[in-house]
Amino acid sequence: MADVKTISLQIEGRPIQVPEGMSILEAAKTAGVLIPHYCYHPGLPVAGVCRMCLVEVEKMPKLAPACATTAMEGQVVHVHSPKALEARKGVLEFLLINHPLDCPICDQSGECELQDYTFAEGRADSRYREPKRFNPVEDFGGDVLYVPNRCILCTRCVRFMDDVAHEPVLNVSERGDRAFIGKAEGEDLTNPWAGNVVDLCPVGALLSKDFLNKARAWELDRAPTVCTGCSQGCNAVAETRDNVVVRMRPRPNDAVNQYYLCDVGRMGYREFNRRDRADQPLVRTTAGLVISEWEVAIQSAMALMAGKRLTVLASPNLSNESLFLLARIITHVHGAGVFRVARGAAAPLPGVEDLALREERAANATAARLLGFRESTTLGAALKSGDALLVVGDGLDDMDTSEIDGASVIVYIGTALPTVLEARAAVVLPATNILEEEGTLTNLRGRVQRFLQAKAAPGVARPTWYILADLLAAVGGTGQFYLPSDVFEALAATHASFADMSYDALGMRGMPVREGAPLRSAEAAR
Amino acid sequence: MGYPHQSHPRETPILSRYFGDAEARTIDGWRARGGYDALQQALTTDPQELQALVKDSGLRGRGGAGFPTGMKWSFMKPDGKTHYLCCNADESEPGTFKDREIMRWTPHGLVEGVALAAHAIYAETAYIYIRGEFTEPLAHVTRAVEDAYAAGILGANAMGSGKRVDVHVHRGAGAYICGEETALMNSLEGRRGNPRIKPPFPAVAGLFGKPTTINNVETLATIPYIIKNGAEWYRQYGRPDNTKSIGTKLFSVCGNITRPGNYEVALGFPFKDFLYDLCGGPLAGREIKAVIPGGSSVPILTREEAEGAVMDYEGFVAAGTMLGSGGVIVFDDRQDMVRQIARLTRFYAHESCAQCSQCREGTAWITRIMERIRDGDGTTEDLDTLVSISEGMSGKTICVLSDSCATPVMSGLKKFRHEFEAKIAANRSMVTVAGALRASAA
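Same order as they appear, the protein sequences are chains A and B.
For the first sequence, position 258 matches number 258 in our numbering, and the numbering has no gaps at all.
For the second sequence, position 265 matches number 265 in our numbering, and the numbering has no gaps at all.
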């Protein structure tokens, strides 16, 4: 980038320097000025059709579309001059004449750019006296519903399917004000990345069927998280309403997922709303599993495992912090740790480099490998007869019960007690799921990324790292941890791959593990 | 030229000389009339020289914008890149039918001009994009291209010069917007015919992303005459006090006029003489009320304005309109201007490509208001709204279709406001409401 020339210009009176070739719209962003726009999206080719981003550039005869006009040395740009405001007010009126103005029943309401800009710059009334255009709602297949009456024909969805997903099933059909977004005959929006068109739509024209009528935008609480659907580690926002996750949306990060999230990641949130959660510590007595105090349960677990060889079955979705503490327990008691990874078909997004729904459907297998856990499809080989088995996070799905028969004692730490353990677990320690705790994950490229807590845990469930810290103390291991950041600092201090990292250093965009640290996933090697 | 195919003595028939002469359509007939001499001569001339010659001739684009042709060509340098020439034969401007006649009667003249221009801009491939509805011109041009290939005029060794000139004829599918140069290129590439954002201009990145020159049929058909006779010869046409408008121009005349048809006159011709002398004036017992001089996209003139106008680029601008494509539409005193303008806006609303918000929504909105006024359901506020919408649609979009729709409305409202007001005054629903209000107040 060193050879890119820097140019100076003035936007809204603010002198700024930007690299040559940048659009006025992007340049204005660097000056903290938002130029209203609809069709422009940084991840898509410029269309220049909505004409909303018209700005006044001194010495230019006509208003210039900021998205399609290159910033030039010495330009003086007025975004809010009377002429520019008048033009945008006109565009807003044109966009609204055939719009049904049905905000009260529209899912987009509250996060609608048509609403926002109309509120900021539009007319208070309408001069339109004619009948409005009407087109029926159309099911686009997949998770997408099209409401043509609300459509402003910005073509973001069309361009996404053409240029990013490389599956051009959407088009602009018809001409003039009869135009609408058409779907290729016989095709559906079933591309695994098609759900992004709903986010890209600046208005309420493309809706998620899954989210339909579930919540108003202003009722939602949002927390930045990392998708755990696969090892890509897409940055996401978990949106909750009354402590229930209702939607997962992408959070932009150029280094990982740009602006996108696949449909598997979007729909994976249901797992976090499970109603069959373990929410109290349970200890087995003659009367079966009974509710216990946390201290009692931890002590029972320690006592039961003491003196036996420890085998740990860890979930590859545990945070770096949990895996680190678990590894420390294993080292302390000379046990062994294994993990299982679910796999599925990979689905790349062709328009973005190195972005795919990965074959490896686990968020943190990379860290598990780095921290000494061994991947295995079965538990049989690792578990010796008479071993104590500590299951952390693994739901034991598709596992043959004979594999755990050899264990002399089973302690379960997780979110929901697997059926196969109902009669076998000696101690159950209820843990929070990833949206109920804070921590970090390491994606397949070794990028360490933070996630924050999005919702409250049920009952007295505790974060996995917290339970493991207690267990570590109980078995006499070293370290006292009060916060997840404490655990991460200890990880950074003891593992070369994570050297010099801290929550502050990671920020919300993450950073890669130190070079030279082995990433032993077959997929990462490709 | 008049109708049928006989030049008026005051015309200057260069392009239209062989209109009505079926023999000129054939390759032998065309050659017998001196055809392809200019191409033969040009193929062995340096393109730079041809560009300079056309620049000297003062020829300007006959498609509507009037951009100097030589200057357009001079953007094409011998840079080693693939260049393309496009011939815009998508003549769709309401009231314009001059290119159609060129293609019907002198298709070889066009092929010659296309081949010549291709050489002059360092292109080996040219495309003639013909309007979908032009079935007869398509047949003649296709035949001419085939014959020219068979005669070795086109192809790998055009006229034995060693130069390759390929000409492809492409038929459009019937969209007005495909006459816009970048929409035409999108259409040729197999995409939806949407105008592109400029810059980049076609000379930088045009057809298939390559440097492209696009010229109108009439412009290209003129080229061989200039090459053959020289720039000096061409410069004799035009009025002496205006060196910016040179040459002859075909005007298509339609509407309420005695002799509709195509007329070729030297630029600078008095419009009054043109209308009354050449075209025979209004029909018996009628008088001209309004004239659109350059295709439906230019401002309407009143009779008085038209009679004072001079027929060239600057002359029409001075009269408050534009030369445009040369499509002259004449309205006599029987015509209802509200109805006429409403019909025009409906056309634009139908043809808007739907990209830009102002055009997509504005053209349709204007049409609905215009038709409501036409049907006697208008209000005085509608007139203010029309002006405001028209202003909001002008100069803000990718191409000028939006402006073209606003233009007749704005000029119509300015010059024939009384007709709008008369319609509104006759609005019975308003009378009733106003009467009811008065009655209740009393």
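Note that CB positions come from ideal geometry on N, CA and C, so glycine has one too.
4 or more residues per run - each alpha helix (DSSP H) lying fully within the region 21-107 of chain B: 27-32, 37-43, 47-57, 69-74, 98-105
Inter-residue spacing [alpha-carbon to alpha-carbon] between Val338 of chain A and Gly414 of chain A: Walking along the first sequence from the start, residue 338 of chain A turns up at place 338. Walking along the first sequence from the start, residue 414 of chain A turns up at place 414. C-alpha separation (whole angstroms): 16 Å.
Test item: CB-CB of Ile177 of chain B and Glu361 of chain B under 8 Å: Within the second sequence, numbered from 1, the residue matching residue 177 of chain B stands at position 177. Within the second sequence, numbered from 1, the residue matching residue 361 of chain B stands at position 361. In this structure, Glu361 of chain B does not lie closer than 8 Å to Ile177 of chain B by Cβ.
At least three beta-carbon pairs within less than 8 Å, the region 415-432 of chain A to the region 342-353 of chain A: no
Interface positions of the region 368-380 of chain B facing chain A (Cβ-Cβ less than 8 Å), listed along the chain: Arg368, Ile369, Arg372
Close Cβ partners of Arg526 of chain A (< 8 Å) along its chain, the five nearest in sequence each way excluded: For this step, residue 526 of chain A is matched to residue 526 along the first sequence. Below a pLDDT of 50, predicted positions are generally treated as unreliable, and Arg526 of chain A, at 45, falls in that range; the measurement from the model is reported next regardless. Excluding sequence neighbours, Arg526 of chain A sits near nothing in its chain.
Whole-Å CB distance - Gly35 of chain B paired with Gly80 of chain B, under 8 Å assumed: For this step, residue 35 of chain B is matched to residue 35 along the second sequence. For this step, residue 80 of chain B is matched to residue 80 along the second sequence. Going by Cβ atoms, the distance from Gly35 of chain B to Gly80 of chain B rounds to 32 Å, so no, they are not a contact pair.
C-beta neighbour in chain A for Trp365 of chain B, strict 8 Å: If you number the second sequence from 1, residue 365 of chain B lands on position 365. Answer yes: the Cβ-Cβ gap between Trp365 of chain B and chain A drops below 8 Å somewhere.
DSSP bridge partner residues for Gly337 of chain A (one or two, in chain order): The residue labelled residue 337 of chain A in the question sits at position 337 within the first sequence. In DSSP, Gly337 of chain A forms a bridge with A:Val312.
Which of helix, strand or coil DSSP assigns to Ala525 of chain A: Working through the first sequence from its first residue, we reach residue 525 of chain A at position 525. Caution is warranted here: a pLDDT of 45 is assigned to Ala525 of chain A, below 50, making its placement in the model unreliable, and no coordinate value can be reported.
Asn273 of chain A to Ala124 of chain A span [Cα, whole Å]: In the first sequence, counting from the first residue as 1, residue 273 of chain A sits at position 273. In the first sequence, counting from the first residue as 1, residue 124 of chain A sits at position 124. Cα to Cα, the separation comes out at about 42 Å.
Continuous alpha helix (DSSP H) assignments of at least 4 residues falling wholly in the region 184-243 of chain A: 196-200
Ordered list of alpha helix (DSSP H) runs contained in the region 173-228 of chain B, each at least 4 residues: 181-188
Three-pair Cβ contact test at 8 Å for the region 8-28 of chain A versus the region 56-72 of chain A: yes
Cut-off 8 Å between Cβ atoms - residues of its own chain near Leu145 of chain A, not counting five sequence neighbours on either side: In the first sequence, counting from the first residue as 1, residue 145 of chain A sits at position 145. The answer, listed in chain order, is Val137, Glu138, Asp139, Leu206, Leu207, Ser208, Lys209, Leu212.
Contacting residues, own chain, Cβ-Cβ under 7 Å from Leu386 of chain B (five flanking each side not counted): On the second sequence, residue 386 of chain B is found 386 positions in, with the first residue counted as 1. The answer, listed in chain order, is Ile366, Ile369, Val409, Leu413.
Cβ pair Ile152 of chain A, Ser357 of chain B closer than 8 Å: Counted from its first residue, the first sequence places residue 152 of chain A at position 152. Counted from its first residue, the second sequence places residue 357 of chain B at position 357. Yes, the pair counts as a contact, with Cβ atoms nearer than the cut-off.
At least three beta-carbon pairs within less than 8 Å, the region 287-294 of chain B to the region 54-63 of chain B: no
For Pro148 of chain A, the three-state DSSP class (helix, strand or coil): To locate residue 148 of chain A, count along the first sequence from 1; it is residue 148. Helix, per DSSP.
Same chain, Cβ closer than 6 Å to Tyr84 of chain B, five either side skipped, listed in chain order: Reading the second sequence from its first residue, position 84 is the one you call residue 84 of chain B. Answer for Tyr84 of chain B: Ala123, Thr125, Leu207, Lys210, Thr212, listed in chain order.
Contact set for Pro148 of chain A: own chain, Cβ-Cβ below 6 Å, skip 5 residues either direction: In the first sequence, residue 148 of chain A corresponds to position 148, counting from 1. Taken in chain order, the residues that qualify are Asn135, Phe180.
Cβ neighbour criterion (16 or more within 10 Å) applied to Ala522 of chain A: Taking the first sequence and counting its residues from 1, one reaches residue 522 of chain A at position 522. In this prediction, Ala522 of chain A has a pLDDT of 49, which is less than 50 and means its spatial position is unreliable; nothing more can be read from the coordinates.
Beta bridge counterpart(s) of Pro408 of chain B as assigned by DSSP: Counted from its first residue, the second sequence places residue 408 of chain B at position 408. Beta-bridge pairing links Pro408 of chain B to no other residue.
Which of helix, strand or coil DSSP assigns to Gln115 of chain A: For this step, residue 115 of chain A is matched to residue 115 along the first sequence. Helix at Gln115 of chain A.
Rounded separation between Gln17 of chain A and Ile7 of chain A - CA only: Within the first sequence, numbered from 1, the residue matching residue 17 of chain A stands at position 17. Within the first sequence, numbered from 1, the residue matching residue 7 of chain A stands at position 7. Gln17 of chain A and Ile7 of chain A: Cα-Cα distance of roughly 5 Å.
Under 8 Å from the C-beta of Phe535 of chain A: neighbouring residues of chain B: Any question about residue 535 of chain A goes unanswered here, given that chain A covers just 1 to 526.
Inter-residue spacing [alpha-carbon to alpha-carbon] between Thr26 of chain B and Trp105 of chain B: Position 26 of the second sequence, counted from the start, is the residue given in the question as residue 26 of chain B. Position 105 of the second sequence, counted from the start, is the residue given in the question as residue 105 of chain B. For Thr26 of chain B and Trp105 of chain B, the distance between alpha carbons rounds to 9 Å.
Opposing strand residues paired with Ile373 of chain B [DSSP bridges]: In the second sequence, residue 373 of chain B corresponds to position 373, counting from 1. According to DSSP, which records beta bridges pairwise, Ile373 of chain B is partnered with nothing at all.
Delimiting residues of the beta strand (DSSP E) encompassing Pro527 of chain A: With chain A running from 1 to 526 in the structure shown, residue 527 of chain A is simply not present.
Beta-carbon gap between Phe451 of chain A and Leu444 of chain A smaller than 8 Å: Residue mapping note: residue 451 of chain A aligns to position 451 of the first sequence, counting from 1. Residue mapping note: residue 444 of chain A aligns to position 444 of the first sequence, counting from 1. No, the Cβ-Cβ distance between Phe451 of chain A and Leu444 of chain A is not below 8 Å.
Rounded C-alpha distance that separates Met337 of chain B from Thr380 of chain B: Indexing the second sequence from 1 puts residue 337 of chain B at position 337. Indexing the second sequence from 1 puts residue 380 of chain B at position 380. Looking at the two C-alpha atoms, the distance is approximately 17 Å.
Inter-residue Cα distance where the pair is Arg339 of chain B and Lys423 of chain B: Within the second sequence, the letter at position 339 stands for residue 339 of chain B. Within the second sequence, the letter at position 423 stands for residue 423 of chain B. Those two C-alpha atoms are separated by around 10 Å.
Sub-8 Å separation of Ile467 of chain A and Thr228 of chain A beta-carbons: Taking the first sequence and counting its residues from 1, the one referred to as residue 467 of chain A is at position 467. Taking the first sequence and counting its residues from 1, the one referred to as residue 228 of chain A is at position 228. Going by C-beta atoms, Ile467 of chain A is not nearer than 8 Å to Thr228 of chain A.
Tyr128 of chain A at chain B interface by Cβ criterion, 8 Å: Along the first sequence, read from residue 1 onward, the residue named residue 128 of chain A stands at position 128. So yes, Tyr128 of chain A belongs to the interface.
Buried versus exposed, by CB contacts within 10 Å (16 or more), Ala363 of chain A: Locating residue 363 of chain A in the first sequence gives position 363, where the first residue counts as 1. Burial call: buried.
Through-space distance from Val198 of chain A to Met1 of chain A, alpha-carbon basis: For the purposes of this step, residue 1 of chain A is taken as residue 1 along the first sequence, with counting starting at 1. For the purposes of this step, residue 198 of chain A is taken as residue 198 along the first sequence, with counting starting at 1. Residue confidence for Met1 of chain A is low, a pLDDT of 49 falling below 50, so the modelled location carries little weight; the figure read from the coordinates is stated next. Straight-line Cα distance between these residues: approximately 34 Å.
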